[in-house]
Structure formats: C-alpha cells, structure tokens
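**Student:** Protein chains in written order, with our numbering: chain A, 1 to 257; chain B, 258 to 593.
Heads up, the beta-carbon is just placed ideally off N, CA and C, and yes, glycines get one too.
My questions all concern the structure below.
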C-alpha cells in the first residue's frame, strides 16, 4: 500500500485547492488521475512527492507519515516527471539523467561506472540514448520529456509520478510510453501515478483511475467501472460518447462537440 | 569514452591545465613591465629597487588579481546557480553595488580593514536577499523583474555612495573613487590575507556542495524531486556568494562582467557540471584578471608616463561588447 490519504485538505493563500481526500492505492498498479483543468491534479501529485504539505489530514507512504522521510530518502522511493521540462543550463542529456543518482551519492562523489550503466539503460528504455551528449536546451519538448523520464527512472524509485507524460509526444512515442509504463509496472514492480487528459490512453493503461472534480474526489475505481458517459459528463461538463470495439472489447472515447 | 572514471580524470587534467595557465599569467605579470626586472637582484638584495618593485608593487598586485578574479568568477557561478540563470552577474544585479556601499561607509568611518570587508559582506548579503525578495513572484524569478531590480539597486547604491563621498576627507574620497572604478592598487599583504580568508571560506563551502549546485540549477521543483532540501541549501549559497562578493569588492571595488563572462566561457568549453565549473572558473578568472591588470598597467605606459588604466576599465571594455555578442549571436534563444 504505497499511498494512503486520510482526510487531506490543501489550501493555498486562503483558497481551497483540494478538500477531504481519502483513498488508498495498492502497489504495482498504474493509476490515472483525471479531471478538468485547475481541479488540483498537479497539486495532488506534488503532495505525493512531498514538496507540498497538506493543510489538514495525513498522507502515509508505505505506512509511514510522508513528511517524516528526509528529502534524500524520499527521492529514492518516489520520483517525478514534472510537467515543466525546461532546463536553463547547458547540461548534456546524460548529465541531466545522471542527476537521478544524486539521492544515492554523497557530497562531491563522482558517479561510478555502475551509475552510468543505470543511466544508460534507462535512456535506452525511454529512447533518448542517441542524443545523450547533446545540450538539453537544443532538444525538442518531446525529447526533453523522454530525458526527464529517464532521469526519474534513474532514481530507481518504487513509485513513479508523471504529470501529463504524453503531452509533447508524437503518436509513436505515445505508444512507446504506453508500453514502457506497462513494462515498468510488470517487470520492475513500479507503482505509477499519472495525470492524464487522454481518456483512451487512460482506459488502455490504467488499472485504476481517480477522478478529481471541484477540489474533491469524484470517483475511484477501474476504468471500466468509472469511465462511463454519465460520470464523464459530470466530470468534464461535456457529453462524452463511449464506443466499444466489437472484436477486442476496447472502449473508445469521443467528446461530442 | 563514456566511462565516468574518465570524467574524474578529465577533472584533474583540466584543473592542472588551468593551474599552469595561472602560473604563466602570474610569471608574465611579475616579470614584464616598464622596468625589466632582474630576478637575481630582486631576490638577493633587499636594498635594490628591483626588490621593492617585485615585493611591494608587482607581487601584491598579482596576488590581488588572483584573489579577486578567483572570488568574482566563482561568486558569479554561485549567483547563476542560485538565480537559475546562466548569465546572472553580481555587478549587473546590483549586489556588487551593495557591497561597495558597505565598503564606502566603513571607509568613511575610518574602520579597520577587517570591518570594511565584514560590512561589505553584510551589505551584499542584504542586497542579495532584497533583490531576491523583490524580483520573486509566485516562486519564480522572472528575468525582467530581476534585471529591473538590479538597475534600481545599483542606482540607489551609487546615489548613497555619492552622498557619503560628499561628506568625507580628500584622502577617503580618493579611496572611494578607486572602489567605484575597480582597481588592483598595491595593497598590504595583511589586507590580502583578510580577503583571502573570506573568499576561500565561501569557495570551500560551495565546492563541497557542488553536486547540489547542479541540482539547484535544474530549478527548485526538480531539485526537490532529486532529494535536495532547497530552502536550506539556498541559504547556504546566499551566505557563501555574499561572502565572496562582499570581501572581493571591499578590496578591489567594482570590477564588472568578470563574474559573467568567465563562467560562461568555461561552461562553453568544459560543460555545466559545477564540480568542475566552479574551480575551473575560479582559476581561469584569476588568470584573466592578472593579465587584464598587467595590460592596464602597461598599455598606456608608452604614451604618458603616469597613466595606469584601472583593471575595472579593462574588464568593462572587454565585457560590455562580449555581453552584447551573447545577446545578439544567432544561436542564442535570448540570453536571459
């Protein structure tokens, strides 16, 4: 049970962002966090990453209060692919990925060959090893996203938090990310939480989805149970049609506009 | 080529190379000049003019140049990591101005030099904190507001300095003038030692956590995700950077652009890893300033007999156009 939320509120400057969240997530699942813009999805991710503290309530990570973890040990359990992937300094892609080893290194310790091997394996996984020595600022948004995903994996976490991982990716890399996440869950036993907008993507890869609406948890459950037209109408305020592929039984979501 | 032990070896190779460059630069600055020095006489005969020139004119200046170049360049690196901007500069952002104000006040009060440096440290720390506070909005440091805040602080500090300047004796005013243009006037070894203590303390603190500066350069959010306690570490950089900038300015005054273009050139050549960037910038900056000062001393000596260009003039003459080049070069995505 990696994450347990118990009546968690979060306020920012007197404003409620999230109210009364209670849920627990089993490990080794891919969990999608869905909801309209500004519903607090990113805030939820930041609470889980421990960079924001709840205004009320408790968050447990592996049965222990999240805030009781020192930052460095937390970074060995939870890693994040942020939404904003811009880097200001001319680091090479490989240097950026190697920073994922920081939680394991002492002050002024050089990375070892072992660290490099880990970084390289993850860069190959997320398909960015071929530009390992390029200046990260020269890369496209999608390429940067893959580099930062490799960095998050290089932290060798148990929980991976992703904030809209496919936004900047082309169709091929979206499909590859899809397979990669599934592979990470299956082979490395990762628990993956990801903020998503794409219902089709969510219904394919997630074992569970959390729907956030108006600062609250609207529903949680498997995509088949939860992603139904009335619920989606309530979530996004637009009509969503669900078509079913007769041969494979897969659902396709179309917004009617 | 990708094995990392190679990276550690390269690290020592680069530092050794830059150390040699510094040695050569210092030797040139000690040896060449309007008076050609006889090393043997200078060393063996304490009554000779060669001895005086070497030990009371050139050597202190070279040591001063090394120290100031070292402090400004590594201070610049610290600034850039702190402000998440590869082209942040203590001079442009008004922190050197704050340090100069502190020095000027201490000089006009006739305080001992240790207090001049200490006050400069405190005023540069105060200015840095203020600029950070003023320019920040919603956890970000937008460049336009950072620049604008720097301009305002510079103007304000200069106004106060001019005000103090109008109240002091002629001798103190002369000292203040030198602080304003930035020069490496021959200083006593005692003063050099005081500043060396400040600069080396700041530098050691930063170098020990150079890996953390790498994380810091990724931005606050990413740095936290990578396990850095950002708030705590930011305080450490604030402290160390002010220590270096404050002490350096109290000795040499306002020498601009060194903290900007030395780290920038080192980054282009050797990359952004702060474990190497910090010491390499410090060594390269030291060589640069020693040579710039030597140039200032000798450039005009053929033309008139008493003119020496203060080193601040040389660095600004080189640094200004360099900065324009950085902004306008075709590959730049806007420097800031």
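Indicate the three-state DSSP secondary structure (helix, strand or coil) for residue 422 (chain B) in the structure shown.
**Tutor:** As a working note, residue 422 (chain B) is residue 165 in the second chain. Residue 422 (chain B) falls in the helix class under three-state DSSP.
**Student:** To the nearest angstrom, how far is it from the Cα of residue 43 (chain A) to the Cα of residue 263 (chain B)?
**Tutor:** Taking the first residue of the first chain as 1, we reach residue 43 (chain A) at position 43. Taking the first residue of the second chain as 1, we reach residue 263 (chain B) at position 6. For residue 43 (chain A) and residue 263 (chain B), the distance between alpha carbons rounds to 41 angstroms.
**Student:** What residue does the alpha helix (DSSP H) around residue 76 (chain A) start on, and which one ends it?
**Tutor:** Residue numbering aside, residue 76 (chain A) sits at position 76 when the first chain is read from its first letter. Taken as a continuous stretch (DSSP letters only), the alpha helix (DSSP H) holding residue 76 (chain A) covers 71-77.
**Student:** Please report the residue range of the beta strand (DSSP E) in which residue 178 (chain A) lies.
**Tutor:** On the first chain, position 178 is the one that residue 178 (chain A) refers to. Not the beta strand (DSSP E): residue 178 (chain A) falls in the alpha helix (DSSP H), residues 171-188.
**Student:** What is the residue span of the alpha helix (DSSP H) that residue 47 (chain A) lies within?
**Tutor:** Numbered from its first residue, the first chain carries residue 47 (chain A) at position 47. Counting along the chain, the alpha helix (DSSP H) containing residue 47 (chain A) begins and ends at 41-49.
**Student:** Which one or two residues does DSSP pair with residue 58 (chain A) in a beta bridge?
**Tutor:** Taking the first chain and counting its residues from 1, the one referred to as residue 58 (chain A) is at position 58. For residue 58 (chain A), which the question treats as bridged, DSSP gives the partners A:6.
**Student:** Between residue 14 (chain A) and chain E, is the shortest Cβ-Cβ distance under 9 angstroms, so that the two count as touching?
**Tutor:** In the displayed structure, chain E is absent; the protein chains listed are A and B.
**Student:** What does residue 95 (chain A) touch in chain B if you count any residue whose Cβ is under 9 angstroms from its own?
**Tutor:** Your numbering for residue 95 (chain A) matches position 95 in the first chain. Within chain B, the residues near residue 95 (chain A) are 471, 528, 529 and 530.
**Student:** If you measure from the beta carbon of residue 268 (chain B) to each beta carbon in chain A, is any gap under 9 angstroms?
**Tutor:** Within the second chain, the letter at position 11 stands for residue 268 (chain B). Taking Cβ atoms only, chain A reaches closer than 9 angstroms to residue 268 (chain B), which makes this a yes.
**Student:** Counting only beta-carbon separations shorter than 9 angstroms, does residue 105 (chain A) have a partner in chain B?
**Tutor:** Walking along the first chain from the start, residue 105 (chain A) turns up at place 105. Chain B contact via Cβ: present.
**Student:** Decide yes or no for the touch test of the stretch 531-542 of chain B against the stretch 349-367 of chain B: beta carbon pairs closer than 8 angstroms, at least 3 of them.
**Tutor:** no
**Student:** Please report the residue range of the beta strand (DSSP E) in which residue 220 (chain A) lies.
**Tutor:** Residue numbering aside, residue 220 (chain A) sits at position 220 when the first chain is read from its first letter. Unbroken beta strand (DSSP E) run through residue 220 (chain A): 216-221.
**Student:** Going by the beta-carbon positions, is the gap between residue 547 (chain B) and residue 319 (chain B) smaller than 9 angstroms?
**Tutor:** Stepping through the second chain from its first residue, residue 547 (chain B) is reached at position 290. Stepping through the second chain from its first residue, residue 319 (chain B) is reached at position 62. Going by C-beta atoms, residue 547 (chain B) is nearer than 9 angstroms to residue 319 (chain B).
**Student:** What's the gap between the Cα of residue 52 (chain A) and the Cα of residue 46 (chain A)?
**Tutor:** Locating residue 52 (chain A) in the first chain gives position 52, counting from the first residue. Locating residue 46 (chain A) in the first chain gives position 46, counting from the first residue. Answer to the nearest angstrom: the Cα atoms are 6 angstroms apart.
**Student:** Residue 469 (chain B) lies in the beta strand (DSSP E); which residues open and close that run?
**Tutor:** Here residue 469 (chain B) refers to the residue found at position 212 when the second chain is read from its first residue. Counting along the chain, residue 469 (chain B) falls outside any beta strand (DSSP E), though it belongs to the alpha helix (DSSP H) covering 467-474.
**Student:** DSSP state of residue 168 (chain A), grouped into three classes?
**Tutor:** Within the first chain, residue 168 (chain A) is the residue found at index 168, counting from 1. Coil at residue 168 (chain A), not helix or strand.
**Student:** Show which residues of chain A have a CB atom less than 9 angstroms away from the CB atom of residue 474 (chain B).
**Tutor:** Against the second chain, residue 474 (chain B) aligns to sequence position 217. Per Cβ cutoff of 9 angstroms: 87, 88, 89 and 91.
**Student:** Note down, in chain order, every chain B residue with its Cβ under 8 angstroms from the Cβ of residue 51 (chain A).
**Tutor:** Position 51 of the first chain, counting from 1, holds the residue named residue 51 (chain A). Chain B residues near residue 51 (chain A): 478, 481 and 482.
**Student:** Alpha carbon to alpha carbon, how far is residue 186 (chain A) from residue 265 (chain B)?
**Tutor:** Within the first chain, the letter at position 186 stands for residue 186 (chain A). Within the second chain, the letter at position 8 stands for residue 265 (chain B). Approximately 37 angstroms between the Cα atoms of the pair.
**Student:** Quick check on DSSP: helix, strand or coil for residue 246 (chain A)?
**Tutor:** Stepping through the first chain from its first residue, residue 246 (chain A) is reached at position 246. Correct three-state label for residue 246 (chain A): coil.
**Student:** Mark residue 347 (chain B) as exposed unless 16 or more other C-beta atoms lie within 10 angstroms of its C-beta, in which case mark it buried.
**Tutor:** Taking the first residue of the second chain as 1, we reach residue 347 (chain B) at position 90. With 16 or more Cβ atoms within 10 Å of its Cβ, residue 347 (chain B) is classed as buried.
**Student:** Using a C-beta to C-beta distance shorter than 7 angstroms, which residues of chain B count as neighbours of residue 99 (chain A)?
**Tutor:** On the first chain, residue 99 (chain A) is found 99 positions in, with the first residue counted as 1. Result: 471, 472, 475 and 483.
**Student:** Taking just the CA atoms, how far does residue 417 (chain B) sit from residue 475 (chain B)?
**Tutor:** Locating residue 475 (chain B) in the second chain gives position 218, counting from the first residue. Locating residue 417 (chain B) in the second chain gives position 160, counting from the first residue. Taking the straight line joining both Cα atoms gives about 37 angstroms.
**Student:** Please report how far the alpha carbon of residue 131 (chain A) lies from the alpha carbon of residue 447 (chain B), in whole angstroms.
**Tutor:** Position 131 of the first chain holds residue 131 (chain A). Position 190 of the second chain holds residue 447 (chain B). The straight-line gap from Cα to Cα measures roughly 52 angstroms.
**Student:** Considering only residues of the same chain and omitting the five flanking positions on each side of residue 295 (chain B), which have a CB-CB separation below 7 angstroms?
**Tutor:** Position 38 of the second chain holds residue 295 (chain B). Cβ neighbours of residue 295 (chain B) beyond the five flanking positions: 307.
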